[in-house]
Each structure stands twice: as C-alpha cells, then as structure tokens.
Amino acid sequence: MSDNFNANTETNAGTAVPVTKKVKPEFVPTTKGQASMIVDRLRKGITTLFTEIDTREAKIAALLTLAESLPDQAPASPAKAKIKLDPGTVVEFRYGRAETAKVKTGTIRARKDNAETGNPELYRVESGEGFDAELFTVYPGQIVVKAQPILGAESEATQFEV
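Position in the sequence shown (from 1) plus 367 gives the number in our numbering.
Listed below in structure tokens is the structure:
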C-alpha cells in the first residue's frame, strides 16, 4: 500500500515518472447541526437548479412560439444598385483612416467586377499628374458620388454625372 493515502499515482505515457493528484476528502459531519447545514445547502442548490430549469423552459417556450409565427425563409433583400463607373471618369474619393482620411480627386483607370453579380468590387484610381501621379485601390463605398441623371441619357441606369 501507499504511504500517502490521500494521493493517487499514475504514470505519464511512455515515462516512469509518477504523477501525483491530491484528492480532497469528502466532508463528514460529526454533529447533527453540521449534517442539517449540509442538507439545507443541498436543498437550496436543488431549488436553485429547478428555478433555472423553469426559467430556461419558459424561454424555450417563448422562442418556439415566436418560431411558429416566422416564415420558413428570410425574405430576399433587394440588391443594391451600384453605379458602374467607367475608366476615364473623374471622381472624388475618400482615402485614409478615420481622422486622417482625405478626399482626393482622381481618374478611374481600371475597374474589377464581381464574377457572379457583375457589380464593381474595386477601382484603380490615378490621382495627380505626371511623375507625381499616384495609383490608389479604392472600394466603391469610398467614392463620393453625387449622382445626377444626365439629361437625354440613353440608359437610365448607368448614365450619371459625377
């Protein structure tokens, strides 16, 4: 037998080093007062658990009632109409983060469209002239568009004055 009756020993996998775990002994009451105190704590714990179960069952019932009134599928959100700006269009765009963001003016040099939806994903915008010109990669949300229809436009969806 082990000299230390309060410890379990195991061996690590592949090694001969014993691992010692201390086991907390169960409290054994020695008086009626201690025994009744333990019984009261256990009963209080049980009532707390039953109260928690009741509140969770009430939440479940409310959610099931709500679920019955909801449709099977969420309604499709209307697709956002994005204006496709063609290369050569002069635009203003926000570039930078929060407090340091600046509005710059530039010319769109390229547009990358989403293969599935056909909506623009990114624009390549050139700002500045000559040797000092800079290229910026800009999301459509960064472009400041003041969309006003051009009078006498052939296509009402894509002809906008920027």
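Yeah, the Cβ is synthetic: ideal placement off N, Cα and C, and Gly gets one too.
Starting from Leu502, follow its DSSP beta bridges and name the residues at the other end.
Glu493
What are the boundary residues of the alpha helix (DSSP H) that Ala429 is part of?
Taken as a continuous stretch (DSSP letters only), the alpha helix (DSSP H) holding Ala429 covers 399-436.
Is Arg476 near Arg491, with beta carbons less than 8 Å apart?
yes
Out of Val505, Pro487, Lys451, Ala429, point me to the one whose CA is closest to Val470's CA.
Checking every option, the nearest Cα to that of Val470 belongs to Val505.
Quick one: using the 10 Å Cβ neighbour count with 16 as the cut-off for buried, is Leu452 buried or exposed?
buried
DSSP has Arg478 in a bridge; who is on the other side?
Tyr490
Verify the contact flag: Lys426, CB atom, against every heavy atom of the ligand COA, threshold strictly below 7 Å.
The ligand COA is absent from the structure shown, which contains no ligands of any kind.
For the beta strand (DSSP E) containing Phe460, name the first residue and the last one.
The continuous beta strand (DSSP E) containing Phe460 extends over residues 457-462.
Which of the three DSSP states is assigned to Gly508 in this structure?
helix
Thr467 (DSSP reduced to helix, strand or coil)
Under the three-state reduction of DSSP, Thr467 is assigned to helix.
Sub-8 Å separation of Glu488 and Asp480 beta-carbons
yes
How big is the Cα-Cα spacing for Ala425 and Thr484?
Separation of Ala425 and Thr484 (C-alpha to C-alpha, rounded to the nearest whole angstrom) is 44 Å.
Measuring CA to CA, which of Ser403, Arg461, Asn486 is closest to Phe503?
Arg461
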